[in-house]
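Q: The structure follows.
In our numbering, the protein residues as written are 4 to 332.
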């Protein structure tokens, strides 16, 4: 072997030694393919596909799947989410890809572009309803915002899987599910007693009772710090009078600075709601903190209130309200 060849081999060996054999260590093409599959699944909103692409697939279903279900039960909600997903796009910045098979780690920047639903909502009239919001979304699909995310991957069984600590990335992109629910939109259809019981889910019958008396149907579920009530009045005017008194009392309480926290209210004809999340000196007998809503829909009045600020109690209220398609606090 001549000196020239030996020198060449030595130099090559040194270069590989210094670089940690990086030429053979990179797996950028496969990472980019995994990133494209992930971005497509995000745009489609396919929970099953997204779960399969994550390292923690079971936990993904429990956290993100439950999050999406929580805000997706009503027909109006599903239509709004569909519009946003249909108009969502993504861009993968290939120059940012980094990968190392040796460490089993990789990352790349993905930018998602979605309808700026918040700007569109702010431009609505004060008396706008869900249908108005849906129309505004469809008419303003060019009003967009971007969400830039560094998506990380881990090599698992020779496949690049997404690693998303506490699922912060996907929940950031999907923040619109919760935010739109907070706008206070809801169909406010008059539900039946069966609807009420179905929305309660697997409730403990020891905490539930109902009766029918003089043309009125009444039901209540009361467990620990959660109170959910249903009343169907025989006379629609009685339902309106009942809600109007409650509505006026709440407005007076706010005006007198007897309520501290967030609230939203609407009342027009035989439809209305009072949404609240805060403390009230006037209603301390109920609990330290009030979270929930009171709703009027034709001849039906519904209460769903958590009297404690625990996340589990709030979740019970949210799940019930989502089940009947009413706006969340």
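Where a beta carbon is used, it is the ideal one built from N, C-alpha and C, also for glycine.
1. From residue 171 to residue 218, what does the alpha carbon distance come to, in whole angstroms?
2. When DSSP labels each residue in this structure, what does residue 119 get in the three-state scheme?
3. Whole angstroms are fine: how far does the CA of residue 216 sit from the CA of residue 177?
4. I think residue 309 touches residue 296, with their Cβ atoms under 8 angstroms apart; what is that distance to the nearest whole Å?
5. Could you give the distance in angstroms between the alpha-carbon of residue 42 and the alpha-carbon of residue 191?
6. For residue 283 and residue 264, what's the separation of their Cα atoms in angstroms?
7. Residue 272: buried (16+ other C-beta within 10 angstroms of its C-beta) or exposed?
8. Take the Cβ of residue 243 as the centre, count every other Cβ of all protein chains shown within 10 Å, and call the residue buried at 16 or more, exposed below.
9. Is there contact between the stretch 152-171 and the stretch 106-118, where contact requires at least three CB pairs shorter than 8 angstroms?
10. Less than 8 angstroms between the CB atoms is what I'm expecting for residue 97 and residue 35, so what's the real figure, rounded?
11. Per DSSP, what kind of secondary structure is residue 255 in: helix, strand or coil?
12. Specify, as a first and last residue, the run of the beta strand (DSSP E) that residue 32 falls within.
13. Would you kindly report the start and end of the unbroken beta strand (DSSP E) that includes residue 212?
14. Is the beta carbon of residue 222 closer than 7 angstroms to that of residue 213?
15. Counting along the chain, where does the beta strand (DSSP E) carrying residue 63 start and finish?
16. If you measure between the beta carbons of residue 118 and residue 87, is that distance less than 7 angstroms?
17. Cα-Cα, which of 305, 321 and 184 is closest to residue 312?
18. Specify, as a first and last residue, the run of the beta strand (DSSP E) that residue 267 falls within.
19. Suppose the cutoff is 6 angstroms on Cβ atoms and the five residues either side in sequence are ignored; what does the same chain contact list for residue 229 look like?
20. Between which two residues does the alpha helix (DSSP H) harbouring residue 133 extend?
21. DSSP three-state label for residue 99, please.
22. With DSSP as the reference, label residue 84 as helix, strand or coil.
23. Under 8 angstroms by Cβ, that's how I've got residue 91 and residue 63 pegged, so tell me the actual separation to the nearest angstrom.
24. Does DSSP classify residue 319 as helix, strand or coil?
25. Residue 53 to residue 175, Cα distance in whole Å?
26. Measuring CA to CA, which of 200, 237 and 261 is closest to residue 231?
27. Does the Cβ-Cβ distance between residue 74 and residue 202 come in under 7 angstroms?
28. When burial is assigned at 16 or more other CB atoms within 10 Å of the CB, is residue 225 buried or exposed?
29. Which stretch, first to last residue, makes up the beta strand (DSSP E) that contains residue 194?
30. On the DSSP bridge list, what partners appear for residue 275?
31. Throw me the rounded Cβ distance for the residue 165 and residue 58 pair, which I believe falls under 8 angstroms.
32. Between the alpha carbons of residue 72 and residue 281, how many angstroms are there, rounded?
A: Taking the structure as given:
1. Distance between the alpha carbons of residue 171 and residue 218 is about 50 angstroms.
2. Reduced to three states, the DSSP call for residue 119 is coil.
3. C-alpha separation (whole angstroms): 45 angstroms.
4. No, residue 309 and residue 296 are not in contact; Cβ-Cβ is about 10 angstroms, not under 8 angstroms.
5. The alpha-carbon atoms of residue 42 and residue 191 are separated by roughly 35 angstroms.
6. As the crow flies, the alpha-carbon of residue 283 is around 9 angstroms from that of residue 264.
7. Result: exposed.
8. Label assigned to residue 243: buried.
9. Segments in contact, yes.
10. At roughly 6 angstroms, the Cβ-Cβ gap stays under 8 angstroms, so residue 97 and residue 35 are in contact.
11. Residue state, collapsed to three classes: helix.
12. No beta strand (DSSP E) holds residue 32; the alpha helix (DSSP H) holding it covers 31-47.
13. Residue 212 -> beta strand (DSSP E) spans 211-216.
14. In this structure, residue 222 lies closer than 7 angstroms to residue 213 by Cβ.
15. For residue 63, no beta strand (DSSP E) encloses it; the enclosing alpha helix (DSSP H) starts and ends at 60-63.
16. The beta carbons of residue 118 and residue 87 sit closer together than 7 angstroms.
17. Taking only the C-alpha atoms, the option nearest residue 312 is 321.
18. Run containing residue 267: 262-271, per the beta strand (DSSP E) assignment.
19. Closer than 6 angstroms at Cβ, skipping near neighbours: 309, 316 and 319.
20. That run of the alpha helix (DSSP H) goes 133-142.
21. When secondary structure is reduced to three states using DSSP, residue 99 falls in the strand class.
22. Helix.
23. In this structure residue 91 does not touch residue 63 by the C-beta definition: roughly 19 angstroms separates them, more than the 8 angstroms allowed.
24. Helix, per DSSP.
25. One C-alpha to the other measures close to 15 angstroms.
26. The shortest Cα separation from residue 231 among 200, 237 and 261 belongs to 200.
27. The beta carbons of residue 74 and residue 202 sit no closer together than 7 angstroms.
28. Flag for residue 225 reads exposed.
29. The continuous stretches of beta strand (DSSP E) do not include residue 194, and DSSP gives it neither H nor E.
30. DSSP lists 270 and 299 as the beta-bridge partner residues of residue 275.
31. Contact flag correct, Cβ pair sits at about 7 angstroms.
32. The alpha-carbon of residue 72 is positioned some 26 angstroms away from that of residue 281.
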